[in-house]
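Anchor point for the sequence shown: position 602 equals 602 in full-length UniProt numbering, and the numbering is continuous, going up by one each time.
Glycine is no exception: its CB is placed at the ideal position from the N, C-alpha and C atoms.
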Amino acid sequence: MANVKKTSAMSGHLWVIYFLSVILLAFIWYYQWMFGLVMTLLLIGSIFYSIRTEQQVINDTEEYISTLSYRVKKVGEEALLEMPIGIILYSDNYKVEWANPYMNKFVDGDTVVGSSLNELSEKLIPNIKENKDEAWINLGGNQMQTIMKQEDRLLYLFDRTKQTEVESRYRNEQSVLAVIFLDNYEELTQGMDDTSKSRINSQVTSILNKWADEHGIYLKRTSQERFVAVMTKEILAGLEKTKFEILDEVRELITDQNMPLTLSFGIGVGPITLPEMGDLAQSSLDLALGRGGDQVAIKDETGKVRFYGGKTNPMEKRTRVRARVISHAMKDLVQSSEKVLVMGHKSPDMDSVGAAIGILKIAQANQKEASIVVDPEDVDTGVQRMMDEIKKDEELWDYFISPDEALETVTNETLIVVVDTHKPKMVAEEKLLNKTEHVVVIDHHRRAEDFIADPTLVYMEPYASSTAELVTELLEYQPKKLKLSMLEATSLLAGIIVDTKSFTLRTGSRTFDAASYLRGKGADTVLVQKFLKEDLDIYVRRSRLIEQAEIYRDGVAISAAEKGDIFGPVVIAQAADTLLTMSGIEASFVISDRKDGQVGISARSLGDVNVQVIMEQMNGGGHLTNAATQLEDTTIEDAKALLQDIIDEYFEGGEEE
């Protein structure tokens, strides 16, 4: 480096100057040798001084570089050994070959050298094999960010414990807003005197205040039946671990006094503004109430919803006033539309077809063109007898059209009425929902997360026995000129009878009122029994399904069909119903292949087991006592194993939705 510096300096501008000086000196010697001699001596002195100065600069530079190199080397050694960063070199077989002293503070013993990376963390070797550049591990209770240099078999470990603690604290202290609603407070207190109302208010308020104090929640009552609660995300996590035991506390206390009052929670959570969180909380409450109440719905900023509770059957609490209001709203929507298209769910049952016929009559009573959308290739054997009877009535059958025909006739001014389902993927033709802005949903199932977007009118009553019952009540408030034929009234009655298992399940006083109305309109119960008849071979096949049932847990029966043995949804539902009539069985599940390639599961219970919760964890849904699901890309064996795991979690981990 000294030679480089010297060559660079002396062969540069100084050599040029000295060369010009020698030429000039020659001229001086030629004309004045005495003056030339003096100048020569001065030039020699100048060259000597320049060389000496240059050499001194080179020496100083070399000394500086030598000192700097030593310091850099020393700093590097100290950084390697003293800096608060873990450094590990490992061998081909993932043994620690060398580690700086900083690593010793995170492990037991004097050194980590010689130990396997697995002893530090089981995550390291798999991440190295997957060619990942970074991994987070727990080392001696510390959160370590590990940077992996695989080409050098080198690991850098940074202690991020304090950072993760701050991040965790930030997440845990995020605000959470909850709206608490006393489900049927107004209905229960209508006939009470002020003393009884005051006593109920005092008891419920006392329980909620005690609960809020125990968990550090701010609670404020905003009306007789509504509370607002503010908490943190950490508190919410604790409540989720206990499955919101406050629901059970209120239900048990009130039930002891024969006053079945229950709570519903709507909770909004996420790193969003308070107004947005309030909207989430209200939306969650609407969802919880739409599913029958007595439960908690938690919605985050992504729209994902978690459910807890829902252990009781929804109580019949709708009023005739609401039915009349909805009926009049339907009348206005029908009259303002160009025409009406009615559709139920895929593979329609008698409730779906009967309710669709009821809506058809509402449209006709208001002088509007209407049609029922049914895919003729998607009619199950369980409803085939009803469809055959309808086909005999040419006047009624003319109103049934295929999904393709519906897509050709639908316009933006068409009113689409969806009955017996509220899930877009379940309707007879999902494309129709995008062809108009006017959609009405009428359903008796508990509301699921997947819901038809922006409906104009929603009439969902999870405590109704069937959609046919709801539609029958709407018919009662339509214009007097409405007339039901015997077959139309019978179809509606068949829907009620099928969904209530001949008035044995989910049957309230309003169910009998609706049946009485239909009977008065000429509904034929004998014809209903004809609809319900089944072929002998189907009965034998269903019996074979029942024969294959096994008791999985106390009171839980599971029947799985043979691989490749295809059953329709109605048959497996009937098999589940039959299993439920057996002594000692509280819940039944029947699994089989379907003709569409999916695996279907039908679930039934007597009320002690919430089969809706179980089916929802398998992307299905339904009611507390009646639910089902369809699974894609799976086998009967895998579906059965998954079902058993979910049942185990339900019984051992609490009833969570």
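K299 burial status per 10 Å Cβ neighbour count (16 or more: buried): On the sequence shown, residue 299 is found 299 positions in, with the first residue counted as 1. Buried, since its Cβ has 16 or more Cβ neighbours within 10 Å.
Cβ distance (whole Å) where K639 is taken to contact I566 below 8 Å: Counting from 1 along the sequence shown, the entry for residue 639 is found at position 639. Counting from 1 along the sequence shown, the entry for residue 566 is found at position 566. A small correction: the amino acid at residue 639 is Ala; Lys does not occupy that position in the sequence shown. Not quite, the Cβ-Cβ distance comes to about 14 Å (not below 8 Å), so this is no contact.
Status (buried if at least 16 other CB within 10 Å, exposed otherwise) for S198: Stepping through the sequence shown from its first residue, residue 198 is reached at position 198. It is exposed - the Cβ of S198 has fewer than 16 other Cβ atoms within 10 Å.
Contact belief for D193 with R251 at Cβ below 8 Å, rounded distance in angstroms: By one-based count along the sequence shown, residue 193 stands at place 193. By one-based count along the sequence shown, residue 251 stands at place 251. Wrong, their Cβ atoms sit about 24 Å apart, outside the cutoff.
Span of the alpha helix (DSSP H) around L154: As a first step, residue 154 is located in the sequence shown; it is residue number 154 there, counting from the start. Taken as a continuous stretch (DSSP letters only), L154 belongs to no alpha helix (DSSP H), being part of the beta strand (DSSP E) at L154 to D159.
CB of Q145 within 7 Å of CB of F158, strictly: Counting from one through the sequence shown, the residue named residue 145 turns up at place 145. Counting from one through the sequence shown, the residue named residue 158 turns up at place 158. Yes. Within cutoff.
Outcome for S206 when other beta-carbon atoms lying within 10 angstroms are tallied against a minimum of 16: Counting from 1 along the sequence shown, the entry for residue 206 is found at position 206. Exposed: under 16 other Cβ atoms inside 10 Å.
Local conformation of M460 per DSSP, three classes: Sequence index remark: in the sequence shown, residue 460 carries index 460 (1-based). In the displayed model, M460 falls within a strand according to three-state DSSP.
Cα-Cα separation, H345 to V526: Reading the sequence shown from its first residue, position 345 is the one you call residue 345. Reading the sequence shown from its first residue, position 526 is the one you call residue 526. Computed Cα separation, rounded: 26 Å.
Segment limits, alpha helix (DSSP H) that includes G495: On the sequence shown, position 495 is the one that residue 495 refers to. Element bounds for G495: M486 to D499.
Under 7 Å between C-beta atoms of K435 and V410: Mapped onto the sequence shown, residue 435 falls at position 435. Mapped onto the sequence shown, residue 410 falls at position 410. Cβ distance < 7 Å, so K435 and V410 count as in contact.
Same chain, Cβ closer than 7 Å to Q257, five either side skipped, listed in chain order: Locating residue 257 in the sequence shown gives position 257, counting from the first residue. Confidence at Q257 is low in this model, with a pLDDT of 48, below 50, so its placement is unreliable and the value that follows should be read with caution. Counting only Cβ-Cβ distances below 7 Å, and skipping sequence neighbours, we find nothing.
D380 versus Q630: straight-line alpha-carbon distance, rounded: In the sequence shown, counting from the first residue as 1, residue 380 sits at position 380. In the sequence shown, counting from the first residue as 1, residue 630 sits at position 630. Rounded to whole angstroms, D380 to Q630 spans 15 Å at the Cα level.
Y308 vs F244 beta-carbon contact at 7 Å: Position 308 of the sequence shown, counted from the first residue, corresponds to residue 308. Position 244 of the sequence shown, counted from the first residue, corresponds to residue 244. Yes, the Cβ-Cβ distance between Y308 and F244 is below 7 Å.
Distance, Q203 Cα to T421 Cα: Position 421 of the sequence shown holds residue 421. Position 203 of the sequence shown holds residue 203. Between T421 and Q203, the C-alpha separation is close to 38 Å.
Option nearest A355 by Cα separation, candidates I497, K220 and V325: The sequence position of residue 355 within the sequence shown is 355, counting from 1. Measuring from the Cα of A355, the nearest candidate turns out to be I497.
Residues bridged to M34 [DSSP beta-bridge criterion]: Taking the first residue of the sequence shown as position 1, residue 34 is located at position 34. Answer is none; M34 lacks a bridge partner.
Cα-Cα separation, N59 to Y49: As a first step, residue 59 is located in the sequence shown; it is residue number 59 there, counting from the start. As a first step, residue 49 is located in the sequence shown; it is residue number 49 there, counting from the start. Distance between the alpha carbons of N59 and Y49: 15 Å.
CB of residue 667 within 7 Å of CB of F227, strictly: The question about residue 667 has no answer here: the residues shown for the chain are numbered 1 through 657.
Of the residues G621, L606 and S605, the one placed nearest Q612, counting alpha carbons only: Position 612 of the sequence shown, counting from 1, holds the residue named residue 612. For the residues G621, L606 and S605, the minimum Cα distance to Q612 belongs to G621.
As assigned by DSSP and simplified to three states, the class of V599: Counted from its first residue, the sequence shown places residue 599 at position 599. Three-state DSSP puts V599 in a strand.
Best match in V419, T467 and D596 for proximity to P455 [C-alpha to C-alpha]: Stepping through the sequence shown from its first residue, residue 455 is reached at position 455. Per the Cα distances, V419.
N138, DSSP secondary structure in three states: Locating residue 138 in the sequence shown gives position 138, where the first residue counts as 1. Residue state, collapsed to three classes: strand.
Distance, D499 Cα to G238 Cα: Position 238 of the sequence shown, counted from the first residue, corresponds to residue 238. Position 499 of the sequence shown, counted from the first residue, corresponds to residue 499. Taking the straight line joining both Cα atoms gives about 39 Å.
Spatial distance of F451 from L287 (CA atoms): Taking the sequence shown and counting its residues from 1, one reaches residue 451 at position 451. Taking the sequence shown and counting its residues from 1, one reaches residue 287 at position 287. Whole-angstrom Cα-Cα distance: 10 Å.
Start-to-end residues for the beta strand (DSSP E) that takes in N118: Counted from its first residue, the sequence shown places residue 118 at position 118. Segment L117 to L120 is the alpha helix (DSSP H) holding N118; no beta strand (DSSP E) there.
Exposed unless 16 or more other CB atoms sit within 10 angstroms - verdict on Y463: Position 463 of the sequence shown, counting from 1, holds the residue named residue 463. Buried.
Contacts around A494, its chain only, beta-carbon distance under 7 Å, and the 5 residues preceding and following it disregarded: As a working note, residue 494 is residue 494 in the sequence shown. So the qualifying residues of the chain are M350, G354, M386, V528 and F531.
Continuous beta strand (DSSP E) stretch holding K299: start and end: Your numbering for residue 299 matches position 299 in the sequence shown. Looking at the DSSP string, the run of the beta strand (DSSP E) that includes K299 is Q295 to K299.
C-beta contact flag for L484 and K533 at 7 Å: Here residue 484 is taken as the residue at index 484 of the sequence shown, counted from 1. Here residue 533 is taken as the residue at index 533 of the sequence shown, counted from 1. No.
T61 versus Q143 - alpha carbon distance: In the sequence shown, residue 61 corresponds to position 61, counting from 1. In the sequence shown, residue 143 corresponds to position 143, counting from 1. Pairing T61 with Q143, the inter-Cα distance amounts to about 47 Å.
Enclosing alpha helix (DSSP H) for S516 [first to last residue]: On the sequence shown, position 516 is the one that residue 516 refers to. Counting along the chain, the alpha helix (DSSP H) containing S516 begins and ends at S509 to G520.
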